[in-house]
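Working notes, structure below.
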Amino acid sequence: MTLKRLEGTWKAICLRGACLLLRAGRAPHRVPDWQREPSRILFLRQDRIGDAIVSSGLLRAIKESGRSITIDALASPANAPVLIRDPSVTAVHVFDKRRPGTFPSLVRSLRARRYDAVIDCMVTAPSLTSLLLMVASRASHRIGISGRGVDSALTIPVDRGVDCGHIVDLYSSFGTVFGIDPELTDWRPAIQLASAELAEADARWPRLESGRGRRLLVNVSAGKRERRWPDEHFIAVISRLRKRFEDLSSVAIGSPSEWDRVEHVAREAGAKALETPRIDDAMALVATADAVFTPDTSISHMASAFRTPALVMFPNRDGAAQWGLYDAPGVDLVGNVASLADLPIERVLPELEQLVESLLQPS
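By the count of numbering that gives the first Met the number 0, the sequence shown reaches residue 362 at its end, each step adding exactly one.
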């Protein structure tokens with residue numbers, strides 16, 4: 000048995016054990032009248048930045064469905080800054096899975112809040128961490144998407160909608176629990192920034208002799224290898240755009256761990272490299288850009304949230320269908336390749352030129 004199969008088997012055993020534990024304690028509880036009765040809900044979101052962003056529409060809809068609903072979130076260190084600034088969220092617990100020693104204090108904090116319900120937001124696959132956090136919360140109601148092999152652990156299983164290709168539409172399935180009509184609700188992600196944050200980001204953009212110009216933000220980083228586009232490709236397209244569009248101001252950003260790469264691309268392409276040590280810095284630059292060019296990363300979800308036109312590169316159609324721009328301006332460019340390293344410049348440049356042209360046209 001390979002190590003990967005062994006890990007999978009052990010995870011399956013642990014998931015089954017957690018389900019049995021939750022099922023054993025599943026005494027029937029009356030479902031609250033969410034619109035009238037005070038209810039405190041814990042939203043489990045201990046994962047990535049993009050996941051927190053695309054969940055914002057659901058958080059907003061639940062909060063607006065009942066004035067007496069209080070929503071807290073459990074976040075990872077990575078996405079906590081997104082959830083902390085979400086106006087629908089009252090309090091944020093931060094859980095770092097790399098520091099298991101902090102779990103006992105987290106459990107005490109969760110139980111002190113006396114949650115009426117906990118929502119498992121791992122909608123595509125079961126999560127052992129989520130199940131353990133459900134146990135820790137002692138919430139009366141455990142809400143999650145059905146059909147993932149953990150239905151016995153849920154007190155309120157939720158059927159996924161018939162037409163749920165995009166992850167945001169899948170999250171909207173939770174709305175039925177709270178009496179929300181999915182067809183009449185705006186599920187689009189949103190992020191709120193303070194005017195001071197926007198002003199600071201605006202000042203970081205380079206000024207052209209002709210004035211403000213149009214702003215193109217280029218993100219060169221991606222978390223997974225198959226989503227990485229080669230540096231020389233970024234350099235070539237940025238150089239071509241700067242040569243063709245004199246009124247274009249180009250900025251390159253990326254993960255703090257790839258700052259050398261960001262500087263290299265910017266230097267060779269004649270763009271400006273800007274550091275983004277905090278996720279807040281990246282969000283503010285996306286909000287003040289006129290267009291965004293990026294592989295499939297959380298940057299694309301920021302573009303959706305701010306309605307900033309974007310060109311987002313995806314290796315395959317499935318990824319674009321589930322994680323692409325959501326009701327936002329721009330293009331999901333599907334490469335139909337195993338890795339973006341195989342996506343040629345000739346496929347990307349015309350789409351990017353068209354996007355920039357649309358920005359330079361008089362409104």
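By construction, the Cβ of each residue, glycine as well, lies at the ideal position given by its N, Cα and C atoms.
None of these values were measured; they are calculated from a predicted model.
Query	Result
Can you find the residues in the same chain that come closer than 6 Å, C-beta to C-beta, to G125, ignoring five residues on each side of it along the sequence?	Inspection of the sequence shows that residue 125 is occupied by Pro rather than by Gly. Closer than 6 Å at the Cβ level, and outside the excluded window around P125, lie L14, R147, G148, V149.
With C-beta atoms as the reference, is P375 less than 9 Å away from Q191?	Residue 375 lies beyond the residue range present for the chain, which begins at 0 and ends at 362; the question has no answer from this structure.
Give me the Cβ distance between A309 and G329, rounded to the nearest whole Å; I'm assuming they're in contact under 8 Å.	4 Å
Measuring straight from C-alpha to C-alpha, what distance separates V157 and F173?	7 Å
Using DSSP with H/G/I as helix, E/B as strand and the rest coil, what is R110?	helix
What does DSSP give as the partner residue(s) for N218 in the beta ladder?	I252
Whole-angstrom Cβ separation of L169 and R213, contact assumed at under 8 Å?	About 35 Å; that fails the 8 Å criterion.
Per the contact definition of three or more C-beta pairs closer than 8 Å, is the region 237 to 244 in contact with the region 314 to 331?	no
Considering Cα atoms alone, identify which of V333, R277, A327 is closest to I48.	R277
Please report how far the alpha carbon of R266 lies from the alpha carbon of D259, in whole angstroms.	10 Å
Does the Cβ of A288 have 16 or more other Cβ atoms within 10 Å, making it buried, or fewer, making it exposed?	buried
Tell me the DSSP secondary structure of G143 in three-state form.	strand
According to the Cβ coordinates, are A152 and M133 closer than 9 Å?	yes
In three-state terms, what does DSSP make of T296?	coil
Determine the contact status of S64 and G178, defining contact as a CB-CB distance below 9 Å.	yes
What residues in its chain sit with their C-beta under 7 Å from that of I52, if we drop five residues either side in the sequence?	V81, P188, I190, S297, H300, M301, A304
Is it true that the CB of I40 sits closer than 9 Å to the CB of D115?	yes
Just tell me which of K96, R66, T89 has its CA closest to the CA of R112.	T89
Under 8 Å by Cβ, that's how I've got F313 and L351 pegged, so tell me the actual separation to the nearest angstrom.	Not really, about 15 Å apart at Cβ, beyond 8 Å.
Does the distance from the CB of V117 to the CB of H140 come in under 9 Å?	yes
I need the boundaries of the alpha helix (DSSP H) containing S357, first residue and last residue.	344 to 359
Measure the alpha-carbon distance for A77 versus A221 and round it to whole angstroms.	15 Å
Along the chain, where does the alpha helix (DSSP H) containing S129 start, and where does it finish?	127 to 136
From what residue to what residue does the beta strand (DSSP E) around M312 run?	309 to 313
Under a Cβ-count criterion, where at least 16 other Cβ atoms within 10 Å of its own Cβ denotes burial, should L57 be classed as buried or exposed?	buried
Need the endpoints of the beta strand (DSSP E) that I155 sits in, please.	155 to 157
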